[in-house]
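Numbering-wise (UniProt numbering), the sequence shown opens with residue 1 and increments by one. Even for Gly, the Cβ is constructed at its ideal location relative to N, Cα and C. Report on the structure given below.
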Amino acid sequence: MSETAAADLKLIVFQLKEKEYAIPVNQVRSIEKVEHITRVPRTAGFVKGVINLRGVVTPIISLRSRFNLEEAEYNEHSRVIIAVLDDMEVGLIVDSANDVIDVDLESIEPPPEVIGTEEADFIKGVTKIDKRLFILIDLERVLNPEELTAHDGQGIAG
């Protein structure tokens, strides 16, 4: 049993519309309720602004907007997943953060060739557990610093 445990990946599961997505736990600092977001001028449309999280100014991205899904009103289930990539910390607004799961690395399949959706560029792979399909997000693509940069060359990412 301990031999297979080393091949497991722990994922945070979150929801956007009716789909379940996941990112590795080791890329998540915390999960927060949606607080007041301060708009930042001349940033990409999916960048909603910044929040002050325990003294750290953190950029906030709407994953719905990033994936070209229609926006939804925030509610009591809406969450901000504070994700960390390299030295960058960014909040990702999601519809809800469902749970933490363990998946066998061998169960992760490459993304289908034709997904027919805008988020296809941001998918690292897919995995199925029982009847549930989880879409693994490629944070490096989602948080591409060049796309986070404002139109005047001043970026929020650094």
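For residue i, the nearest candidate out of the options (CA to CA)
| i | options | result |
| --- | --- | --- |
| residue 142 | 110, 32, 92, 40 | 92 |
| residue 75 | 41, 129, 84, 96 | 96 |
| residue 105 | 24, 19, 54 | 24 |
For residue j and residue i, believed in contact at Cβ under 8 Å, the rounded distance
| i | j | result |
| --- | --- | --- |
| residue 146 | residue 127 | At roughly 29 Å, the Cβ-Cβ gap does not stay under 8 Å, so residue 146 and residue 127 are not in contact. |
| residue 51 | residue 35 | 6 Å |
N- and C-terminal bounds of the alpha helix (DSSP H) containing residue i
| i | result |
| --- | --- |
| residue 65 | 63 to 66 |
Per-residue burial, residue i [other beta carbons within 10 Å of its own, 16 or more giving buried]
| i | result |
| --- | --- |
| residue 100 | exposed |
| residue 80 | buried |
| residue 72 | exposed |
| residue 33 | exposed |
| residue 153 | Any answer about residue 153 is weak, because its pLDDT of 42 lies below 50 and its placement is not dependable; what the coordinates show is given next. Under this definition residue 153 is an exposed residue. |
| residue 56 | exposed |
| residue 48 | buried |
| residue 18 | exposed |
Span of the beta strand (DSSP E) around residue i
| i | result |
| --- | --- |
| residue 11 | 8 to 16 |
| residue 29 | 28 to 33 |
| residue 25 | Premise fails: residue 25 is in no beta strand (DSSP E) and is neither H nor E. |
Close-in-space but distant-in-sequence residues of the same chain around residue i (CB under 6 Å, 5 per side omitted)
| i | result |
| --- | --- |
| residue 5 | For residue 5, the pLDDT reaches just 48, beneath the cut-off of 50, and the residue's location in the model is therefore unreliable, although a value from the coordinates is still provided. Cβ neighbours of residue 5 beyond the five flanking positions: none. |
| residue 107 | 127 |
Contact set for residue i: own chain, Cβ-Cβ below 8 Å, skip 5 residues either direction
| i | result |
| --- | --- |
| residue 102 | 8, 9, 10, 11 |
| residue 159 | Because the chain in this structure spans residues 1 to 158, residue 159 falls outside the shown range and cannot be described. |
7 Å CB neighbourhood of residue i in its chain, flanking five on each side removed
| i | result |
| --- | --- |
| residue 138 | 122, 123, 124 |
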